[in-house]
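This report refers to the structure that appears directly beneath it.
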């Protein structure tokens, strides 16, 4: 049996920008065993926005790393807003309460399917304009970008939207 | 040549709904074994007085009742629980049943497929292999890992095949997550040394480690336009039913401390797999091998299946059938 140091490159990327609304962390790629996020906490301000729209995959080890980042931000008293939360991130947040923590959700992606043409889409939902219906477990209506027909929500609404609670 | 002695013990169905009874009778009738129907626990207990059945198929509300726990709790007879029309929250109570090994939560026609294959696996005492859940003749892709650092490459291969099969982004996302978590489990949690210590549990996940002998891990997958089946097997056989039920209970709803830094989130990987498939099967040969099969139904959309709870089965070569 042999072992050696890791030679696998992380598949995730993180970029931080500063704007009038605060510091914005954009995470993209696969959040997994090779992702290191916690050190970024020091670079984020008290008003932190984290854009998760580009996260295409997150496994259980990646969830632990993500939670460590949220806890570090919580310890420094930062207010965290999650923007464009991707479906893989939402699915983990529906199972693991700490994966959302105390962060507010500004917008998230949700699965829709068109009963007319069969197209499957991940569509962005802004929370504030739909807050009442989301709280009631009702996903907003969406038109198929392909054929214009009314799309069906492609998940159990109560389960998928539970991360907002 | 003497004829083999046929086990004629009946299958006992305990369910209050007559229509469901008849449906179950039709499905189980294919075993050509007596099927005994009981409307309630009193009738079931009376039937048990005639001798132990081969299998009990019972509604979840009946088995959760105090009398149900008393009657079926300590028996060796396999008990298959039906969880139709249930809220996800009810799953936690069912998982708390120490004797639980088989839970079928999907409606017809999935119920017929799941029940039939579960019963025939028990009858024939042949539990291994994803082929049992798929149409005859389907092509199975198989890869063995030579090194622990090949995990991502194998998951990428599977993703390419799933994408090429046109199964859509929902199935693709679930399949890659399932394969990744099951391979991680087999590579890092399954190996135990002579003292029973899980000696690779804290390994760096990206590190190279050659996999020879018992360390070998195999990934197999196939799709027959009903199910995408993903199977991962290790050669340690260190997973047991108690651990499985504890891990699956983490998938029963949002709750605090599911992933704590103290426990490093142990078990959340299997819970993630359970929450990402329609049917999860554990085939256990203690001390020899553990085979986990995740089935994703590619025919029906989640909302079409009505029930958000997923089926599972825990089969063991050491199951007593006296």
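Residue numbers (this note's numbering), protein chains in the order written: chain A, 1 to 165; chain B, 1001 to 1322.
For glycine and all other residues, C-beta sits at the position ideal for the given N, C-alpha and C.
Contact with chain A by residue 1105 (chain B), beta-carbon distance below 9 Å: No, because no Cβ of chain A sits closer than 9 Å to the Cβ of residue 1105 (chain B).
Members of the region 1161–1193 of chain B that neighbour chain A once the beta carbon cut-off is set at 8 Å: 1168, 1169, 1170, 1173, 1176, 1177, 1180, 1181, 1184: these are the residues of the region 1161–1193 of chain B whose beta carbon lies less than 8 Å from some beta carbon of chain A, given in chain order.
Through-space distance from residue 1126 (chain B) to residue 1055 (chain B), alpha-carbon basis: Distance between the alpha carbons of residue 1055 (chain B) and residue 1126 (chain B): 16 Å.
Spatial distance of residue 1203 (chain B) from residue 1038 (chain B) (CA atoms): Taking C-alpha positions only, residue 1203 (chain B) is separated from residue 1038 (chain B) by approximately 52 Å.
C-beta atoms of residue 69 (chain A) and residue 41 (chain A) nearer than 9 Å: Yes, these two residues count as a Cβ contact at 9 Å.
Proximity below 9 Å, CB of residue 1059 (chain B) to CB of residue 1082 (chain B): With respect to residue 1082 (chain B), residue 1059 (chain B) sits close: the two C-beta atoms are nearer than 9 Å.
DSSP-derived helix/strand/coil call for residue 1029 (chain B): In the structure shown, residue 1029 (chain B) falls within a helical segment according to DSSP collapsed to helix, strand and coil.
CB contact below 9 Å: residue 60 (chain A) versus chain B: Taking Cβ atoms only, chain B reaches closer than 9 Å to residue 60 (chain A), which makes this a yes.
Interface partners of residue 1385 (chain B) on chain A, CB under 7 Å: The question about residue 1385 (chain B) has no answer, for chain B in this structure spans 1001 to 1322.
Chain B within 9 Å of residue 63 (chain A), Cβ atoms only: At a cut-off of 9 Å between beta-carbon atoms, residue 63 (chain A) makes contact with chain B.
Through-space distance from residue 1181 (chain B) to residue 1324 (chain B), alpha-carbon basis: The requested residue 1324 (chain B) is not part of the displayed model; chain B covers only 1001 to 1322.
Those residues which DSSP pairs with residue 79 (chain A) across a bridge: BP columns for residue 79 (chain A) point to A:47.
DSSP three-state assignment for residue 153 (chain A), whether helix, strand or coil: Residue state, collapsed to three classes: strand.
Assigned secondary structure, residue 1200 (chain B) (DSSP; H/G/I helix, E/B strand, else coil): Note: residue 1200 (chain B) maps to coil in three-state DSSP.
Alpha helix (DSSP H) segment containing residue 1272 (chain B), residue limits: Per DSSP, residue 1272 (chain B) belongs to the alpha helix (DSSP H) from 1268–1274.
Contact check, residue 146 (chain A) vs residue 112 (chain A), beta carbons under 9 Å: No. Outside cutoff.
One or two residues paired with residue 143 (chain A) in a DSSP bridge: Partner(s): A:150.
Endpoints, beta strand (DSSP E) assigned at residue 1314 (chain B): Bounds of the beta strand (DSSP E) holding residue 1314 (chain B) are 1311–1316.
Any chain A beta carbon closer than 9 Å to residue 1301 (chain B): The beta carbon of residue 1301 (chain B) sits closer than 9 Å to some beta carbon of chain A.
Contact the region 1095–1104 of chain B vs the region 1235–1250 of chain B: 3+ CB pairs below 8 Å: Per the Cβ contact rule, the region 1095–1104 of chain B is in contact with the region 1235–1250 of chain B (3 or more Cβ pairs under 8 Å).
Continuous beta strand (DSSP E) assignments of at least 3 residues falling wholly in the region 1060–1092 of chain B: You should have 1079–1082.
Chain-order list of residues whose beta-carbon lies under 7 Å from that of residue 1299 (chain B) (same chain, five-residue window excluded): Within the same chain, residue 1299 (chain B) has close Cβ partners 1226.
Exposure label - residue 1262 (chain B); buried when at least 16 CB within 10 Å: The pLDDT assigned to residue 1262 (chain B) is 46, lower than 50, so where the model puts this residue is not dependable, and the model offers no usable value.
Limits of the unbroken beta strand (DSSP E) element including residue 1229 (chain B): DSSP places residue 1229 (chain B) in the uninterrupted beta strand (DSSP E) bounded by 1227–1234.
CB of residue 59 (chain A) within 9 Å of CB of residue 31 (chain A), strictly: Between residue 59 (chain A) and residue 31 (chain A), the gap from beta carbon to beta carbon is short of 9 Å.
Neighbourhood of residue 1149 (chain B) by C-beta, 6 Å cutoff - its chain only, sequence neighbours within 5 removed: If the five residues before and after residue 1149 (chain B) are omitted, its C-beta is found closer than 6 Å to the C-beta atoms of 1208, all from its own chain and listed in chain order.
Beta carbon proximity, residue 1276 (chain B) to chain A, threshold 9 Å: At least one CB atom of chain A sits nearer than 9 Å to the CB of residue 1276 (chain B).
Coarse secondary structure for residue 1046 (chain B), derived from DSSP in three states: Reduced to three states, the DSSP call for residue 1046 (chain B) is helix.
Contacts around residue 1257 (chain B), its chain only, beta-carbon distance under 6 Å, and the 5 residues preceding and following it disregarded: Model confidence at residue 1257 (chain B) stands at a pLDDT of 44, short of 50, so the residue's coordinates are unreliable; what they give is reported in the following sentence. No residues qualify anywhere along the chain.
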